[in-house]
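Novice: Following this message is one structure expressed as structure tokens.
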Amino acid sequence: MWNQNGAATSSETGSFPRVAVLPLLDILWTFSGPANPSSFSVGKVSDDELKIIASKPVEKHMFKVYNFEALDGLKETLERNIISIEGGGGSTKFELAQEGFSAAPLHTPEGGIVMGSVGAYQWRGGYQKYTPSGEDASFHKANLLEPHGDDSYLGYSLALATRDGQSYAILGAPRYKHKGLVVVFHPSGLQTNLEQEGQQSQIGAYFGAEVCVVDLDGDSNTDLILASAPMHTEGGREGKVLVYYFTEEGSTEVSDTGVSLLGLEGQRGRFGSSLASLADLNGDGIRDVAVGAPLEDNGQGSRIAGSSVRSGLRFFGLTVAQSALDQSGDGLPDIAVGSKGAVLLLRSTPLVSVETEVFYSPSKIPTSVLNCSAALRINATVCFLMSEVTSGSTDLKAKLDYMFTLDHVRQSFRAAFAPNQRVANGSITAALQKTCFFHSFIIHGCPEDALNPIANRVTFTFDGLPITGKGNLRPRLSSDARLLSDHMLDFEIDCGPDKICEDNLRVDFNFTGATHIDVGVAQDLFVTVMVENRGENSYNTRVSLSYPHGLSYRAFTKSQGRVACRSQGSGDGVSNGETVCSINNPIFRADDTVLFVVQYGVHDQSHSDQNVSFKANVTSGNDLHALDSGSFVTRQIQVRHRIYVVVRRHDNTTSYVNFTADKSDVEKPVTQLLQVENGNRRLNLTVAIRVPIKLGKMDIWSNIEALLIAGCRQAHDTNPENDYAVNQSKIINCSVATCRVFKCDVYLKKKDCVFYEISGKLHSGWIAQTGVRSGEFILASESELDYNTNRYILPTADGQQIPSVTMLGTQVEVYEEPKFIKEVAGGVVGGLLLLILITMGLVKVGFFTSQYKKKLQETAKPY
Numbered sequence: 001m002w003n004q005n006g007a008a009t010s011s012e013t014g015s016f017p018r019v020a021v022l023p024l025l026d027i028l029w030t031f032s033g034p035a036n037p038s039s040f041s042v043g044k045v046s047d048d049e050l051k052i053i054a055s056k057p058v059e060k061h062m063f064k065v066y067n068f069e070a071l072d073g074l075k076e077t078l079e080r081n082i083i084s085i086e087g088g089g090g091s092t093k094f095e096l097a098q099e100g101f102s103a104a105p106l107h108t109p110e111g112g113i114v115m116g117s118v119g120a121y122q123w124r125g126g127y128q129k130y131t132p133s134g135e136d137a138s139f140h141k142a143n144l145l146e147p148h149g150d151d152s153y154l155g156y157s158l159a160l161a162t163r164d165g166q167s168y169a170i171l172g173a174p175r176y177k178h179k180g181l182v183v184v185f186h187p188s189g190l191q192t193n194l195e196q197e198g199q200q201s202q203i204g205a206y207f208g209a210e211v212c213v214v215d216l217d218g219d220s221n222t223d224l225i226l227a228s229a230p231m232h233t234e235g236g237r238e239g240k241v242l243v244y245y246f247t248e249e250g251s252t253e254v255s256d257t258g259v260s261l262l263g264l265e266g267q268r269g270r271f272g273s274s275l276a277s278l279a280d281l282n283g284d285g286i287r288d289v290a291v292g293a294p295l296e297d298n299g300q301g302s303r304i305a306g307s308s309v310r311s312g313l314r315f316f317g318l319t320v321a322q323s324a325l326d327q328s329g330d331g332l333p334d335i336a337v338g339s340k341g342a343v344l345l346l347r348s349t350p351l352v353s354v355e356t357e358v359f360y361s362p363s364k365i366p367t368s369v370l371n372c373s374a375a376l377r378i379n380a381t382v383c384f385l386m387s388e389v390t391s392g393s394t395d396l397k398a399k400l401d402y403m404f405t406l407d408h409v410r411q412s413f414r415a416a417f418a419p420n421q422r423v424a425n426g427s428i429t430a431a432l433q434k435t436c437f438f439h440s441f442i443i444h445g446c447p448e449d450a451l452n453p454i455a456n457r458v459t460f461t462f463d464g465l466p467i468t469g470k471g472n473l474r475p476r477l478s479s480d481a482r483l484l485s486d487h488m489l490d491f492e493i494d495c496g497p498d499k500i501c502e503d504n505l506r507v508d509f510n511f512t513g514a515t516h517i518d519v520g521v522a523q524d525l526f527v528t529v530m531v532e533n534r535g536e537n538s539y540n541t542r543v544s545l546s547y548p549h550g551l552s553y554r555a556f557t558k559s560q561g562r563v564a565c566r567s568q569g570s571g572d573g574v575s576n577g578e579t580v581c582s583i584n585n586p587i588f589r590a591d592d593t594v595l596f597v598v599q600y601g602v603h604d605q606s607h608s609d610q611n612v613s614f615k616a617n618v619t620s621g622n623d624l625h626a627l628d629s630g631s632f633v634t635r636q637i638q639v640r641h642r643i644y645v646v647v648r649r650h651d652n653t654t655s656y657v658n659f660t661a662d663k664s665d666v667e668k669p670v671t672q673l674l675q676v677e678n679g680n681r682r683l684n685l686t687v688a689i690r691v692p693i694k695l696g697k698m699d700i701w702s703n704i705e706a707l708l709i710a711g712c713r714q715a716h717d718t719n720p721e722n723d724y725a726v727n728q729s730k731i732i733n734c735s736v737a738t739c740r741v742f743k744c745d746v747y748l749k750k751k752d753c754v755f756y757e758i759s760g761k762l763h764s765g766w767i768a769q770t771g772v773r774s775g776e777f778i779l780a781s782e783s784e785l786d787y788n789t790n791r792y793i794l795p796t797a798d799g800q801q802i803p804s805v806t807m808l809g810t811q812v813e814v815y816e817e818p819k820f821i822k823e824v825a826g827g828v829v830g831g832l833l834l835l836i837l838i839t840m841g842l843v844k845v846g847f848f849t850s851q852y853k854k855k856l857q858e859t860a861k862p863y
């Protein structure tokens, strides 16, 4: 080791042997021990100095060589020693420290340098600080890396942050836990560890491969810390830069901003392989940062594409110089960028901004043009002012090609340079001063719109010209510059001597007799709007009518005044729609009233709210409005939804029973089944079922108390409206019989179906009091739906909402028992008489005379 005086000094710290070799070329090479830098010197060296350098025993470690082939043996010796240390389980400290792998200067009055040692302590790494007064007494390493931080490579990257005059060492350890780590060393000895968290953390991301500090505003206090993970992958991108900050003024706490920078989509570019805090390149007062992506664009680099700098470059952006200085003498910062086998100096481009101004003469369009007088000529002066954004060059020029368009927002324009011509073109050479050109155009007499200003647009293109004596350097237009601008030419307002119109606008509306919005029913809602002006003339008067989503604008009808409406519906199905109507444009005169009707259609599926609001607001272009104007009004209207509920008699209902007259103790089972089906809307409702239980004083059912309906509660009994008269009706229902009312509360989902069963034994005792001995009745139970009529509507075919009543009828037949005594007696008597008559007839014809006797008599006669 050579000291500051050029003499050799002895250093036996550590276990690594030092070999002193004096080749023929008189060049002395030395390899140092821990925490001592390597050095070389040219010149004659004495044997005594070599003995100081060499390890003990000197005879083994000091020898002369006469050619470079003799160094092969030395190489083999070094390899054996290294293998012995690394492979034998011994723990290295500084033998393989790689001190100087990263370095940064100290920005303190004393000065100095900080160097990273990635190989120290089994490649855990750390850093050493050197000052002109001598080496720092201690080696700095991260506590987090103990005891399992081998091969973390702390010191692979290094940067120094400054806060309130104190230095903070920022070191990257890209192989910590195979993911990476950034350690912030505070002057107080504290350490802050920055890691990727959650899904951001990746094996092999190499987080901490590069670190960079940024002083955004140039106040000598570090604002941001950048740390890269060049092999982090996210989608089709490779490389990521995370941004950290000191939490507040005077604070030393470092936090993640939540902001990160990513490489290009679809590029495996190692974005973040180099980081550099440059200078303010674009003149916005904030220091800019360069990020290297050497493998983008097929290894040529990207953003500032390597292919655009020089063809054939490889790994452009592999390194970026940490300072941007003026190397070309043009007063602008330059950037040094490294690629494989080449270092390139990129020149900054001078940036300029261009502002556009237009002056009119006269400055406003006089009211005479409203009286359909002759056309009015206007003179326009259009000026461009080019100014520097970045300081440096003064001889900046550019070619501007411009286009001046009159009344550009309207298809039917109110001003023209010549008949049917509203565009003028030109070209000028602009410098760092105001450059103007002149045009004259005509305002047509009696324009249809004399309120809205005439918007004249100036657009231009920018082409920087070469700067004298600066090669091909040209100014460029700042990205913040506007290539187009609109310049208004206003109309004069007729408001009397004070030239100030104070209107007093009032607006009101109603729903034209409607009390509800019925959803699901073919219905349109008509909103009648009234606007009046109780003050001075009102210009550019408009009514904005905000309506709820679920409605669609149909049309408007004018009743009084000039009205034109347009509407914008709810695009997302949540926000309100808006109908905007112009009122008596261009002037809504004092004491005028306008009346119009806006028609809205109601969607079938809309409005979950029970009430919705409409809001009307009237505005104008006047600068002054009366304090008591009623320019805003809100009204609500209830919303009802159509429901589809079907109540029907089920087929399993008993349809027929019969009884015999004069038999009052007969019972027969009867079942009446009610089916309730819901449609496409969930709702709560109550089914009221009325069952006749008594006719006169006689019970219709055998056991009334046992008459129950599952899922329902017994509410009350109702008395009949009329006495039963057989000649008037043969229907036994609640109008002539006492009924028991059951209430069935139910929540129905979409397409739900429920059943209610009335089941019991029908008793024949009640029939005798009707006086009917033979005939038919209908025993009719009734059901009715009860629901919130303020929220739901169940319209009939004619659109009326009436209670839905369903009848459950069972036919009851009554007949007399047949008696056959008279019929049998009559049949017997009749049969006897018929037998006598038949017998007499047979006797008369001789049916009973014997034929044998007759033959004997005839035989006995003489011949």
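Counting with full-length UniProt numbering, you get residues 1 to 863 for the letters of the sequence shown. All residues carry an ideal CB built from backbone N, CA and C; glycine is no exception. Bear in mind the structure is a predicted one, so any value in this text is a computation, not a measurement.
#1: With distances taken Cα to Cα, identify the nearest neighbour of Leu-190 among Glu-253, Ala-481, Ser-220.
#2: Starting from the C-beta of Val-812, find all residues in its chain whose C-beta is less than 6 Å away, skip the five residues before and the five after it, and write them out in chain order.
#3: Does the distance from the C-beta atom of Gln-599 to that of Ala-555 stay below 9 Å?
#4: Quick one: using the 10 Å Cβ neighbour count with 16 as the cut-off for buried, is Val-805 buried or exposed?
#5: Spatial neighbours of Val-114 within its chain, please: CB distance less than 7 Å, with the 5 preceding and 5 following residues excluded, ordered by chain position.
#6: Considering Ala-120, what are the terminal residues of the alpha helix (DSSP H) in which it resides?
#7: Taking contact to mean 3 or more Cβ pairs, one atom from each stretch, closer than 8 Å, check whether the stretch 643 to 653 and the stretch 548 to 566 are in contact.
#8: Report the residue from Val-527, Arg-506, Cys-501, Val-519 whose alpha carbon sits nearest the alpha carbon of Gly-513.
#9: Going by CA-CA distance only, name the one from Ser-133, Thr-770, Ser-544 that's closest to Lys-730.
#10: Does the stretch 614 to 631 come close enough to the stretch 533 to 544 to have 3 or more Cβ pairs within less than 8 Å?
#11: Just confirm the distance between the C-beta atoms of Ala-661 and Lys-694, as a whole number of angstroms; I'd bet it's less than 8 Å.
#12: Using 9 Å as the threshold, is the C-beta distance between Gly-258 and Phe-271 below it?
#13: Using DSSP with H/G/I as helix, E/B as strand and the rest coil, what is Pro-23?
#14: Might you give, ordered along the chain, the residues of its own chain that have their beta carbon closer than 7 Å to the beta carbon of Asn-584, omitting 5 neighbours on each side?
#15: For Phe-755, is the classification buried or exposed, using 16 other Cβ atoms within 10 angstroms of its Cβ as the cut-off for buried?
#16: Leaving out the 5 sequence neighbours to the left and right, which residues in its chain are closer than 7 Å to Tyr-121 when beta-carbon positions are compared?
#17: By DSSP, does Val-845 sit in helix, in strand, or in coil?
#18: When we look at the beta-carbon of Asn-684 and count the other beta-carbons within 10 Å, is it buried (16 or more) or exposed?
#19: Within 10 angstroms of the Cβ of Val-531, are there 16 or more other Cβ atoms? Answer buried if so, exposed if not.
#20: If you drop the 5 nearest sequence neighbours on each side, which residues of the same chain put their C-beta closer than 6 Å to that of Lys-749?
#21: Candidates Gly-172, Gln-166, Leu-833, Arg-163: which alpha carbon is nearest Asp-151's?
#22: Give me, in chain order, the residues of the same chain whose beta-carbon lies closer than 6 Å to that of Asp-486; leave out the 5 immediate sequence neighbours on both sides.
#23: Starting from Asn-703, trace the beta strand (DSSP E) both ways and give me its first and last residue.
#24: From the DSSP output, in three-state form, read off Ala-768 for me.
#25: I'd like to check one pair, Glu-784 with Val-639: are the Cβ atoms closer than 9 Å?
#26: Under three-state DSSP, which class holds Lys-399?
#27: Pull up the CB-CB distance for Val-354 and Val-382, whole angstroms please, since I reckon it's below 8 Å.
#28: Are the beta-carbon atoms of Pro-350 and Thr-405 separated by less than 9 Å?
#29: My understanding is that Ile-443 touches Ile-365, with C-beta atoms under 8 Å, so please give their C-beta distance in whole angstroms.
#30: Leaving out five residues on either side along the sequence, give the residues of the same chain with a beta carbon under 7 Å from the beta carbon of Asp-395.
#31: Under a three-way DSSP split, which group does Ala-825 fall into?
#32: With DSSP collapsed to three states, give me the class of Thr-557.
#33: Let me confirm a value: Glu-59 is counted as buried when at least 16 other C-beta atoms fall within 10 Å, else exposed. Which label applies?
#34: Would Gly-155 and Val-182 qualify as a contact pair, given that the criterion is a beta-carbon distance under 9 Å?
#35: Give the range of the beta strand (DSSP E) segment to which residue 889 is assigned.
#36: Find out if the Cβ-Cβ distance for the pair Tyr-547, Gly-577 is shorter than 9 Å.
Specialist: Reading off the structure:
#1: The candidate whose alpha carbon is nearest that of Leu-190 is Glu-253.
#2: Around Val-812: Val-657, Phe-777, Leu-779.
#3: yes
#4: With fewer than 16 other Cβ atoms within 10 Å, it is exposed.
#5: Ala-103, Ala-104, Leu-106, Tyr-127, Lys-129, Leu-158, Leu-160, Ala-169
#6: 120 to 123
#7: Counting C-beta pairs closer than 8 Å gives fewer than three between the stretch 643 to 653 and the stretch 548 to 566, which falls short of the contact rule.
#8: Val-527
#9: Thr-770
#10: In short, these stretches touch, since the Cβ pair count reaches three.
#11: Between Lys-694 and Ala-661 the Cβ distance is about 20 Å, and since that is not below 8 Å, they are no contact.
#12: Cβ distance not < 9 Å, so Gly-258 and Phe-271 don't count as in contact.
#13: Low local confidence applies: a pLDDT of 40 at Pro-23 is under 50, so the model's placement there is unreliable, with the coordinate-based value given in what follows. Reduced to three states, the DSSP call for Pro-23 is coil.
#14: Thr-541, Gly-561, Arg-562, Asp-592, Val-594
#15: Classification for Phe-755: exposed.
#16: Lys-93, Lys-141
#17: Coil, per DSSP.
#18: exposed
#19: buried
#20: Arg-682
#21: When each option's Cα is compared against that of Asp-151, the closest is Gly-172.
#22: Ala-455, Arg-457
#23: Looking at the DSSP string, Asn-703 is not in any beta strand (DSSP E), and its letter there is neither H nor E.
#24: helix
#25: no
#26: Lys-399: strand per DSSP, three-state reduction.
#27: That belief does not hold up - the Cβ atoms of Val-354 and Val-382 are roughly 12 Å apart, past 8 Å.
#28: no
#29: 6 Å
#30: So the list reads Ile-467, Thr-468, once near-sequence residues are dropped.
#31: helix
#32: When secondary structure is reduced to three states using DSSP, Thr-557 falls in the strand class.
#33: Classification for Glu-59: exposed.
#34: no
#35: No answer is possible for residue 889: it lies beyond the span of the chain, which begins at 1 and ends at 863.
#36: yes
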